[in-house]
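Peer 1:
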Amino acid sequence: MRLLINILFSIILVFMRLLRLPQDRVCQWFIRTNNQLVLANIPPNLKSEHLLLLIPHCLQNYTCEFRITSQVKNCRRCGKCIIKDLIHFSEKYHIRLSVAPGGTLARAIIREYQPGLIIAVGCERELESGIHDVYPLPVVGILNQKPDGPCKNTTLDISRIEEVIQIIIRGQQAVEAGSCACPK
Numbered sequence: 005m006r007l008l009i010n011i012l013f014s015i016i017l018v019f020m021r022l023l024r025l026p027q028d029r030v031c032q033w034f035i036r037t038n039n040q041l042v043l044a045n046i047p048p049n050l051k052s053e054h055l056l057l058l059i060p061h062c063l064q065n066y067t068c069e070f071r072i073t074s075q076v077k078n079c080r081r082c083g084k085c086i087i088k089d090l091i092h093f094s095e096k097y098h099i100r101l102s103v104a105p106g107g108t109l110a111r112a113i114i115r116e117y118q119p120g121l122i123i124a125v126g127c128e129r130e131l132e133s134g135i136h137d138v139y140p141l142p143v144v145g146i147l148n149q150k151p152d153g154p155c156k157n158t159t160l161d162i163s164r165i166e167e168v169i170q171i172i173i174r175g176q177q178a179v180e181a182g183s184c185a186c187p188k
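Numbered per the working numbering, the sequence shown spans residues 5 to 188.
1. Take the Cβ of P187 as the centre, count every other Cβ of all protein chains shown within 10 Å, and call the residue buried at 16 or more, exposed below.
2. Just reading off the beta strand (DSSP E) that I72 is part of, what are its end residues?
3. By Cβ distance below 8 angstroms, which residues in the same chain neighbour F70 in space, the five residues on each side in sequence not counted?
4. For T158 and I173, I'd like the C-alpha separation in whole angstroms.
5. One question on the structure: do I46 and I169 come within less than 8 angstroms of each other, judged by their Cβ atoms?
6. If contact is defined by three or more beta carbon pairs under 8 angstroms, each pair taking one atom from either stretch, is the stretch 25-33 in contact with the stretch 43-60?
7. Identify whether R81 lies in helix, strand or coil by the three-state DSSP scheme.
8. Go through its chain and collect everything with a Cβ distance to I114's Cβ below 8 angstroms, but skip five positions before and after it.
9. Using three-state DSSP, classify T158 as helix, strand or coil.
10. Let me make sure I understand the geometry here. Which of L147, H136, Y117 and E116 has the alpha-carbon closest to that of A124?
11. Which residue marks the beginning of the beta strand (DSSP E) containing G126, and which one marks its end?
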């Protein structure tokens, strides 16, 4: 089904480009549809340690002198941006957190960590291309918010990430409960 959606999306995107129509709406549809398919088919043995939370560097405060691109731990947790909350969140749920300034480095991070599922944050086009690039690896895309325009001081609704984690945890608990009920 994900393959069919990818093909359909590619065809629609070609027409959008030919007609010079805005592509963001189609990208949003693709990301929503992909997320629904991924979350409905989470592997039952997926543990939080096998998750990768991949975020763009534009979530960091633009004027911060402590760059997190090479190492998230460079963050001083001052609270001027959402990075502090994402670090806390990753520690709470034991999720690997990594920052990628672009697609090439994101793919390298994914190859290095080999996650079971990626929760990726970004703008419409970055998420859309990233989901295609790593297919068939499951990716849940979370759109960032751009109060200062693209690529600068972006933010996100962290509750969206929390929702994804809760779905995974509920799936784990259902599998554990089911395995306990099995006859020996």
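Each residue gets a CB set at the ideal place from its N, CA and C atoms; glycine is no exception.
Computed from a predicted structure; not experimentally measured.
Peer 2: According to the structure shown:
1. Along the sequence shown, read from residue 1 onward, the residue named residue 187 stands at position 183. Per-residue confidence for P187 stands at a pLDDT of 38, beneath the threshold of 50, marking its modelled position as unreliable; the derived number appears in the next sentence. Counting Cβ neighbours within 10 Å, P187 comes out exposed, since fewer than 16 surround it.
2. Sequence index remark: in the sequence shown, residue 72 carries index 68 (1-based). That residue, I72, is in no beta strand (DSSP E); it is neither H nor E in DSSP.
3. Locating residue 70 in the sequence shown gives position 66, counting from the first residue. Spatial neighbours of F70 in its own chain (CB-CB distance under 8 angstroms, excluding positions within 5 residues in sequence) are listed in chain order as N78, C79 and R80.
4. Counting from one through the sequence shown, the residue named residue 158 turns up at place 154. Counting from one through the sequence shown, the residue named residue 173 turns up at place 169. Rounded to the nearest angstrom, the two C-alpha atoms are 28 angstroms apart.
5. As a first step, residue 46 is located in the sequence shown; it is residue number 42 there, counting from the start. As a first step, residue 169 is located in the sequence shown; it is residue number 165 there, counting from the start. No; because the gap between Cβ atoms is not below 8 angstroms, this pair is not in contact.
6. The answer is no - the stretch 25-33 does not touch the stretch 43-60, with fewer than three Cβ pairs under 8 angstroms.
7. The sequence position of residue 81 within the sequence shown is 77, counting from 1. DSSP places R81 in coil when its eight states are reduced to three.
8. Mapped onto the sequence shown, residue 114 falls at position 110. Contacts found: L56, L58, I122, V138 and L141.
9. Within the sequence shown, the letter at position 154 stands for residue 158. In the three-state scheme derived from DSSP, where H, G and I count as helix and E and B as strand, T158 is classed as coil.
10. Start at 1 with the first residue of the sequence shown, and residue 124 comes out as number 120. For the residues L147, H136, Y117 and E116, the minimum Cα distance to A124 belongs to L147.
11. Within the sequence shown, numbered from 1, the residue matching residue 126 stands at position 122. Start and end: L121 to G126.
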